[in-house]
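Participant: Next up is a structure, given as structure tokens.
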Amino acid sequence: MDIVATAIVQVTSEDSAHPIDHVFDHRRGPGGSRWVAEEPGEQTLILAFDTPQIIHQTILEVEEPEVSRTQELRLSVSHDGGQTYRELRRQEYNFSPPGTTFEREAWTVMAEGVTHLQLWMKPDKGGKPCRATLTSLVLKSVEH
21 MDIVATAIVQ
31 VTSEDSAHPI
41 DHVFDHRRGP
51 GGSRWVAEEP
61 GEQTLILAFD
71 TPQIIHQTIL
81 EVEEPEVSRT
91 QELRLSVSHD
101 GGQTYRELRR
111 QEYNFSPPGT
121 TFEREAWTVM
131 AEGVTHLQLW
141 MKPDKGGKPC
151 RATLTSLVLK
161 SVEH
């Protein structure tokens, strides 16, 4: 799915050197371009679709080459224009550089009539002042 062509992308903050556009630029895998929040703390990414979507699969990549931390992520969808959300998945990513620095998840989901998709991220469950990161987000869907 071409997210940039079918949705408005909103994010709570972004580092100017690592804008949200990097998540959708097809430069994936370890060392790929990535979004990094400008500020430490919880962050939200929202995709507001032009038309309701059917989402079959979500693929996420997260890389953290510098800080040992546990990033929590929640994937939710809205069917009512972003008024309410239903959580589909929750995942934790444990990073321990220089060893474990990259995580990739492919989730099969079945969500129809999706008007908004929300990713909520807590960069460190332990409370360290870290910045959230996301390397890529890929959605496989069929237009409704």
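Numbering-wise (my numbering), the sequence shown opens with residue 21 and increments by one. Heads up, the beta-carbon is just placed ideally off N, CA and C, and yes, glycines get one too.
So Leu-67 and Ala-25 are supposed to be a Cβ contact under 8 Å. How far apart are they, rounded?
Facilitator: Taking the sequence shown and counting its residues from 1, the one referred to as residue 67 is at position 47. Taking the sequence shown and counting its residues from 1, the one referred to as residue 25 is at position 5. The pair is not a contact, with the Cβ atoms about 12 Å apart (cut-off 8 Å).
Participant: Our contact map puts Leu-159 next to Met-21 with C-beta atoms below 8 Å; I'd like the distance itself, whole angstroms only.
Facilitator: What you label residue 159 is simply residue 139 of the sequence shown in a count that begins at 1. What you label residue 21 is simply residue 1 of the sequence shown in a count that begins at 1. That pair is a contact at about 4 Å.
Participant: Out of Gln-111, Cys-150 and Arg-106, which has the shortest C-alpha to C-alpha gap to Val-134?
Facilitator: As a first step, residue 134 is located in the sequence shown; it is residue number 114 there, counting from the start. The shortest C-alpha separation from Val-134 is found at Arg-106.
Participant: Compute the Euclidean distance between the alpha carbons of Thr-90 and Ile-40, then round it to the nearest angstrom.
Facilitator: As a position in the sequence shown, residue 90 is number 70, starting the count at 1. As a position in the sequence shown, residue 40 is number 20, starting the count at 1. C-alpha separation (whole angstroms): 21 Å.
Participant: Sorted by chain position, which residues of the same chain lie with C-beta nearer than 7 Å to Pro-85's C-beta, five sequence neighbours on each side aside?
Facilitator: The residue you call residue 85 lines up with position 65 of the sequence shown. The residues are Pro-117 and Thr-121.
Participant: Measure from the alpha carbon of Glu-132 to the alpha carbon of each residue in Gln-77, Ser-156, His-42 and Phe-44, then state which is nearest.
Facilitator: As a first step, residue 132 is located in the sequence shown; it is residue number 112 there, counting from the start. That would be Gln-77, whose Cα lies nearest to the Cα of Glu-132.
Participant: Within the chosen definition, does the region 53–66 reach the region 121–130 through at least 3 CB pairs nearer than 8 Å?
Facilitator: Flag = no, the region 53–66 and the region 121–130 do not touch.
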